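Just below is one structure, and these are the notes that go with it.
Numbering (the working numbering), first residue to last: 8 to 703.
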C-alpha cells in the first residue's frame, strides 16, 4: 500500500477502571486489555497450554486452549488487591477423573488448572468442595460433570474460574426444600469469581448462591434449568456486591432468576428467561431487584415469564432494550442506577438475536477454535521447532520445508518459546499446516523480520510490499495460534529508503484461521489477499491483536476480524494519522468485516480513519468493502471515518457501520453510513465465511 497523500454500610472501595472487550458469542469472553500486550491479556488470556509433572493419581495434560482466558465484567475489575480474574493460569495443569483427585487439587494452596475429564459423583450427596484461591476448574469437552454436589468458595477466596462443567442432581425430592443446602456453586465472602459456560440443574437448593459480601463476580454463558431457587444474590446488610450476569439461559426455573438483594452494582444483559407453556414448572418471577440494589438490565429476552422484572420500593432497576413476549404480571423499573461502562467495556447483542444465540451457545462446549476431534480425521503430525536444539528443527522455515508436498492431513509445527528472526513462507502445495507457539503466552514465541517494500533483495531489485512479509501464507487451510508475528522495520532510520510498507503477515489462500495471535507492525501490517483475483480467500481472525498505523489491514480477501483488539500506533515521527483498513475487494465478493472488536491506542483524538478504498492498480471494477459493527471505537476515530483513495470516491464503494459504541462512534449521516437492522442481517460473520466453519 502506498503512503497517504497526505465504579452502605461498608462504604466505597477504591477501584481502577479497566478497558475491556465484551463479546457476544461462545468463543470468548471479555476482560481488561492493554495496548502493550501486558500480563493481563484480556478476554484472550495468555493462550496458555500449561504442563507440569503431577502426582500419579492424575494425568498431567494440556488444558483446553481457552482454559487460560480471563474474565469480563465485574470479575475483570481491579479491586481488593486482585487484578482481574484469571484462575490457575501459571500453575500446573492436571486432569482429574476421581473425587479424591478433584478435591486434592481444588483445595490446594498452589494455583492449578484442573481439567475434569469424567463424571465425578459427590460422596456424601450434597458435598461442596471447599475451593481455594487461584484455581481454574474446567470440564474437558462435555465429559466434565459434577453429580450430586458442587463447590464452596469461602471468605477471602479469590481468583477462581469454574467453566465448561455440568453440575447436577443433588435434588432430594422436595421442591421447596428447607432442609438441604446443596448448591452447585456457593460463595460466602469470595471475590473475583468467573462462572462461565456451565450446565447447572436439578439441585436441592441454589444453582448459584452469591452471598455474604461476595463481589467482583461474573456469570456468563451458563444454562440454568429444572430448578426452584435458582440464583440468589445477597444475604447481607452491606452494599458491597458487584456482579455481572450476561448471556445466560434460564429455562424452567421457578424463582430467583436471579434475586438480587443489596447489590451495590448488578449489571444484567443479554440473558434469556424462558417459561414454556404446558410444563410442570411455572415461573414465580424473573429478575428481582431487592433491598437497596442498583440494577441495570439491558437487551434481555423474557418469554412466557410471570412477573418478569420486579423491584422493591427501595431498589433501582434501569431497563434498556429488553423484549417481553407472552409475559404477564409485574414488569417494573425506576430509580437511578449506574453506568456499567464506567467500570468495564462491553458490547450488547441485539435483543432479537438472544434466544437463538443462547440456545445454541450456552453450556459446556466440545471444541472451540481447535481442530476437529472427529475420529474420521487423521491425528495431526507434529514437528517441533526450538532454538536451543531440543526440537527437530532450529527454524520455523526448516519445519515448513519438511512438510510433504500436497500433504493430505494436518501438520502442526509447534514452536517453542523464543525469538525467531527469519522469514517464513508456506507455499501453496503445503495445505493443512498449523504454526503454533508452545509457550504460556502468545508473547513467548515471536517470528520477526524487518524487510520493507524498498529493501534491496539479494541479486537485485527490491522486495515490494507483498514480498516484505515476515510470514507469507499461500496454502489453504492454514492456522496460526498463540504466537506473535512482527515486522520491526525501522522507518525513522530508513527515511531515505523508498517504500516503507512492511508487512508482518501476508495470506493469499482460502480458509485461513488466525486464533490468539499478535500481528504487529506499522504501515501495511496485515495483508489479507487471495491467490488470484478470481479466487476466493477467506480469513477468520479471532481472539487476536493487530496493530499499525497506515492501511494496516488491507487486501482483497473476504476477511473477518472478530472479538479482537485493533491498536492504533503513532507514526515514526510521533504524529498521529492513519487508516485502519484498505480493502481492494472485487465486486462479487465481501471485503473486510470488523465485528465485536475494540479499536484503541495511544494516539490523538480524531486522527484515524476506519478505512479507505483501494482500487489496486486503478481498477475501476473493484468495489472495496469494510463493515465495522458492534465494536467499541476509541476517540481516535474520526467523526468522518472513511476516506477516498487514488481518485476513487469511497461513497461509490461499500463502507458502513452498525451499532458501534465508544467515543469514536457516531450517528448516521451522509459521511457516516449506518446499516439498518435489515441490512445488518446480511452482514454477519456467517455471511462472510459461507460454508466454512473455522472452529471445526
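Cβ atoms here follow ideal geometry from the backbone N, Cα and C, with glycine treated the same way.
Here the structure is a predicted model, which means the values were calculated and not measured.
Hey, residue 510 and residue 534: beta-carbon distance below 8 Å or not? yes
Kindly list the residues whose CB is nearer than 7 Å to the CB of residue 162, restricted to its own chain and excluding five residues on each side of it in sequence; keep chain order. 195 and 196
Contact check, residue 338 vs residue 307, beta carbons under 8 Å: no
So for residue 347, helix, strand or coil by DSSP? helix
Of the residues 283, 246, 248 and 674, the one placed nearest residue 260, counting alpha carbons only: 283
Expressed to the nearest angstrom, what Euclidean distance is found between the alpha-carbon atoms of residue 12 and residue 452? Note that residue 12 scores 30 on pLDDT, short of 50, meaning its location in the model is unreliable and no value can be drawn from it.
Which runs of the beta strand (DSSP E), 3 residues or longer, sit entirely within the region 265 to 309? 266 to 268, 270 to 276, 279 to 281, 294 to 297 and 301 to 305
DSSP has residue 661 in a bridge; who is on the other side? 632
Residues of its chain near residue 403, where Cβ-Cβ distance is below 7 Å and the 5 sequence neighbours each way are ignored: 392, 420, 422, 427, 429, 431, 442 and 454
Cβ atoms of residue 190 and residue 216: under 8 Å apart, would you say? yes
When we look at the beta-carbon of residue 208 and count the other beta-carbons within 10 Å, is it buried (16 or more) or exposed? buried
Minimum C-alpha distance to residue 594 - residue among 555, 660 and 504: 660
Rounding to the nearest angstrom, what Cα-Cα distance links residue 574 and residue 586 in this structure? 12 Å
Any chance the region 560 to 571 sits against the region 459 to 467, with 3 or more Cβ pairs inside 8 Å? no
Proximal residues to residue 179 (C-beta, below 6 Å), its chain only, five neighbours per side dropped: 187 and 211
Looking at the structure shown, is residue 547 part of a helix, part of a strand, or coil, going by DSSP? strand
For the beta strand (DSSP E) that residue 471 lies in, which residues bound it at each end? Note, residue 471: premise wrong, no beta strand (DSSP E); alpha helix (DSSP H) at 471 to 474.
If you drop the 5 nearest sequence neighbours on each side, which residues of the same chain put their C-beta closer than 6 Å to that of residue 239? 213, 216, 263 and 266
I'd like to confirm the pairing. Which residues does DSSP put opposite residue 170 in its beta bridges? 145 and 203
Considering only residues of the same chain and omitting the five flanking positions on each side of residue 701, which have a CB-CB separation below 6 Å? 520 and 547
Start and end of the beta strand (DSSP E) containing residue 318? 316 to 318
Residue from 325, 310 and 389 with nearest C-alpha to residue 361: 310
With residue 256 as the anchor, note down where its beta strand (DSSP E) starts and where it stops. 256 to 262
Residue closest to residue 566, alpha-carbon to alpha-carbon, out of 634, 273, 350 and 676: 634
What do you get for residue 465, buried or exposed, if any count of 16 or more other CB atoms within 10 angstroms of its CB means buried? exposed
Cβ-Cβ distance between residue 355 and residue 325 below 8 Å: no
Would you call residue 684 buried or exposed, if buried means 16 or more other Cβ atoms sit within 10 Å of its Cβ? exposed
Leaving aside the five residues before and after residue 18 along the sequence, list all residues of the same chain whose C-beta is less than 6 Å from its C-beta, in chain order. Residue confidence for residue 18 is low, a pLDDT of 37 falling below 50, so the modelled location carries little weight; the figure read from the coordinates is stated next. Excluding residues within five positions, none has a Cβ falling inside 6 Å.
CB contact below 8 Å: residue 684 versus chain C: The structure shown contains no chain C; it holds only a single protein chain.
Is the region 89 to 103 in contact with the region 249 to 256, if contact means three or more CB pairs nearer than 8 Å? no
Start-to-end residues for the beta strand (DSSP E) that takes in residue 586: 585 to 590
Based on the DSSP output, what are the partners of residue 647 in its beta bridges? In DSSP, residue 647 forms no bridge with anything.
From residue 170 to residue 666, what distance separates their C-alpha atoms? 30 Å
With 16 other CB atoms within 10 Å as the buried threshold, where does residue 496 fall? buried
Selected residue, minimal CA-CA separation from residue 138, among 468, 108 and 692: 108
Go ahead and pull the three-state DSSP assignment for residue 111. helix
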